[in-house]
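Below is one structure, written out as C-alpha cells, with a few remarks after it.
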Amino acid sequence: MEGIVARPDLWASYIWPSYILTIGGLVALLVWSFLAMRRAEARAEALRRER
Amino acid sequence: MHRFANPTRFLKIARVATPLTLGLGLLLTIAGLYIGLFASPPDYQQGESVRIMYVHVPAAWLGSGGYLGLAIASATALIWRHPLANIAARAIAPAGAAFTAICLMSGALWGKPTWGTYWVWDARLTSMLVLLFLYLGYLALAAAEAERGGERKGAAILALVGAINLPIIKYSVEWWNTLHQGSSINVLAGKSAMAPEILTPLLVSVTGFTFLFAAIVLMRMRALLAEQRVEARSRRLAEAVA
Chain A
1 MEGIVARPDL
11 WASYIWPSYI
21 LTIGGLVALL
31 VWSFLAMRRA
41 EARAEALRRE
51 R
Chain B
52 MHRFANPTRF
62 LKIARVATPL
72 TLGLGLLLTI
82 AGLYIGLFAS
92 PPDYQQGESV
102 RIMYVHVPAA
112 WLGSGGYLGL
122 AIASATALIW
132 RHPLANIAAR
142 AIAPAGAAFT
152 AICLMSGALW
162 GKPTWGTYWV
172 WDARLTSMLV
182 LLFLYLGYLA
192 LAAAEAERGG
202 ERKGAAILAL
212 VGAINLPIIK
222 YSVEWWNTLH
232 QGSSINVLAG
242 KSAMAPEILT
252 PLLVSVTGFT
262 FLFAAIVLMR
272 MRALLAEQRV
282 EARSRRLAEA
292 VA
C-alpha cells in the first residue's frame with residue numbers, strides 16, 4: 001500500500017545479529033586464551049622435564 | 052602488595068580460580084542472555100529493542116572497567132615495579148579492546164533501525180571509539196617495546212594518560228546533548244529507573260560477563276608467565292652452551 005512504511009523486523013535487523021556478534025566474540029576470546037595458555041604451559045613443562 | 056608479587060604463589064591461586072570463574076561466568080551469562088532474550092518482557096516504551104541491552108551494556112562495562120584495570124596495573128608496574136602488574140596489564144588489554152569493539156558494533160547495529168544511521172559523532176560514541184584507539188595504541192606500543200627488549204614503560208604511561216577518557220565516557224551523556232540515552236542505574240546511590248523484570252537479567256548478564264572477563268585475564272596471565280619461563284630457560288641454556 002502506498003504511503004505505508006513497513007516497520008523493520010527488529011529481531012532480524014539487530015537483536016539476533018548483536019547476540020551472534022557478542023557470543024561469537026566471547027567464544028573466540030575464550031578459545032584463543034585457553035589454547036594459548038595450554039600451549040605455553042605445555043612448552044614450559046616440557047622444557048622443565050628436559051633439564 | 053608484594054606478598055602477592057610471587058608468580059609461583061599467583062599461579063597456585065590462578066589454577067584454582069580459572070575453572071571457578073569460567074564455570075560461574077558461563078552459567079550466569081547463559082542464564083542472563085536466555086532470560087533477556089526469551090523470558091523478560093519488552094519495555095513499555097522501547098518494546099523489543101530493549102533486548103540489545105543484555106549484551107551491549109556488559110560489553111560497555113567491561114570495555115571501560117577493563118581500561119580502569121589496565122590503568123591501575125600500569126600504575127602499579129610503574130610505581131611499585133610489581134612483577135605481575137605488567138603481565139596483568141598485557142592480559143587485560145586485548146580482552147578490553149575486544150569488548151569495546153563489541154560494544155561499538157552492537158550499538159551500531161541498534162543505531163541503524165533506531166536512529167537511521169550506524170554512526171553519529173555523538174559524545175558517548177566518540178569517547179568509546181577513543182577508548183578503542185587507546186587500547187590499540189597500548190597493544191602496539193607494548194609489542195614494539197617488547198621487541199626492543201624494553202620494560203614497556205611507554206605503554207604503561209599511555210595507559211595512565213588515557214584513563215582521563217573514563218570520566219569523559221561516564222559523564223558524556225550529562226555534559227553534552229547526546230543521542231545516546233542517559234544512565235538508568237546509579238551505582239553509587241544504589242538506585243535504578245528500570246523495572247525489576249528488566250534489571251534482574253541485566254545484572255545476571257553483567258555479572259556473568261565479568262566472571263568470563265576474569266577467566267580470560269587469568270588464562271592470558273598464565274600463558275604470559277609460562278612464556279616468560281620458557282624464554283628465561285632458553286636464555287640460560289644458550290648461555291650454558293656458549
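Line by line, the protein sequences are chains A and B. When we follow this note's numbering, the leftmost residue of the first sequence carries the number 1, and every step to the right adds one. When we follow this note's numbering, the leftmost residue of the second sequence carries the number 52, and every step to the right adds one. Just so it is clear, CB atoms sit at the ideal spot from N, CA and C, and this is done for glycine as well. From a predicted model like this one, the values you see are computed outputs, not experimental measurements.
Counting along the chain, no alpha helix (DSSP H) covers residue 133/B, and no H or E run does either.
Assignment of beta strand (DSSP E) within the region 69 to 136 of chain B, counting only whole runs of 3 or more residues, yields no such run. Inclusion of residue 125/B and residue 211/B in the CB contact set at 8 Å is warranted, their separation being smaller than that value.
Annotation: the continuous alpha helix (DSSP H) that includes residue 21/A extends over 16 to 50.
Chain B places no beta carbon closer than 8 Å to that of residue 12/A, leaving this residue out of the contacts.
The way I'd put it, the region 261 to 274 of chain B does touch the region 67 to 77 of chain B; three or more beta-carbon pairs between them come closer than 8 Å. Using a Cβ distance threshold of 8 Å, residue 281/B and residue 44/A count as a contacting pair. Going by beta carbons, residue 106/B and residue 18/A fall inside the 8 Å limit. Nearest to residue 169/B by C-alpha distance, out of 154/B, 181/B and 182/B, is 154/B. By the C-beta density criterion, residue 59/B is exposed, having fewer than 16 other C-beta atoms within 10 angstroms. Against chain A, the beta carbon of residue 149/B has neighbours under 9 Å at 25, 26, 28 and 29, listed in chain order.
Contact with chain B is absent for residue 49/A, since none of that chain's Cβ atoms lies less than 8 Å from the residue's Cβ. The three-state reading of DSSP puts residue 216/B in helix, counting H, G and I together.
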